[in-house]
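3 is the number of the first residue of the sequence shown in our numbering; add one for each residue after it. Ideal Cβ placement from N, Cα and C applies to all residues, glycine included. Written out below as C-alpha cells is the structure these notes cover.
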Amino acid sequence: MIAEQIKFHYLEYKDLDVVMTVDEEAFLEPWSKTLWEKELSRPDRIYLGAFYEHRLIGFGGGLIIEKDFHITTIATLNRFRDQGVATLLLRALIKSLIDQSETITGITLEVRASNDSAQALYRKFGFAPVGIRRGYYQSDGEDAIIMWLRELSEKTFKTKLNEIENSVFAKVQIEGIPT
Ligand SMILES: CC(C)(COP(=O)(O)OP(=O)(O)OC[C@H]1O[C@@H](n2cnc3c(N)ncnc32)[C@H](O)[C@@H]1OP(=O)(O)O)[C@@H](O)C(=O)NCCC(=O)NCCS
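Okay, structure coming up:
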C-alpha cells in the first residue's frame, strides 16, 4: 500500500505537463493548457500534488475568494484510487489552508450529482450539500450539487482532520495483514 509513502507539494508552473497528464486521465473534460497555465501561475490559487516515488498521482486545489476557498478540482490517477490518496490530499489541503490563513472561514465546491465517490469523500470531512446548480455541466447538462464546509475554525476540527488521516493508515494496516 502506498499511503505512507505519499508526499505532498504545492504545484507550480513547472509541473504543468504532468498535471495535464493526470487531468486527462481523470476527467472526461480536462482543462485546457491555457487554463492550467493560468491556474498554476496566479497567486490566489493553491494546488497541491500527491507524489508517489516522485511521480504525480493526484492533485487538488482551487482559489481563494475573499474569506472562502473554492475547490475547483481534485483527482487521483485511476490505478491509485480507493487507497486513501484523495483523502490524504484533501486533508493536507485543508490543513494548509487553516495553517496559512486564519481568515479562511469556509470551503465550497461543486460536484456532479452522479459522482457518489467524490460526494462520499467530501462528506467525510463535513462538507454538506446546500443547493443544486441545474444543468451546471455544459457537456451533458448534469446538475451540480453545491457543498460547503463551515466548521474550519471549530476547535474540534483539527482533531477530526487527524482522525481522518489515522483512519486511512489504519485501513492500510488492516488490508496489509497477510491472510
Ligand atoms: C473522487 C476521487 C478523487 C477519489 O479519489 P481516491 O483517491 O480514490 O479517494 P480515496 O481512496 O481517498 O477515497 C475517499 C472516499 O471516496 C469514497 N470512494 C472511493 N472510492 C470509491 C468507490 N469505488 N465507490 C464508492 N465510494 C468510493 C469512499 O467514501 C472513500 O472513503 P472511505 O475509503 O473512507 O470509505 C477519484 O475517484 C477521482 O479522481 N475521480 C475522477 C475525478 C473526479 O470525479 N473528481 C471529483 C470532482 S468534484
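K160 sits close to I100, with the two beta carbons spaced by under 9 Å. Linking Q140 to E31 through their CA atoms gives a straight-line distance of about 10 Å.
Excluding the 5 residues flanking it on each side, A28 has same chain C-beta neighbours closer than 6 Å at A77, in chain order.
Residue pairing from DSSP places G63 in a beta bridge opposite Y49 and T75. Per DSSP, the continuous alpha helix (DSSP H) segment holding T23 begins and ends at L18 to A28. If you draw a straight line from the Cα of T107 to the Cα of W150, it comes to about 11 Å.
Bounds of the alpha helix (DSSP H) holding L91 are V87 to Q102.
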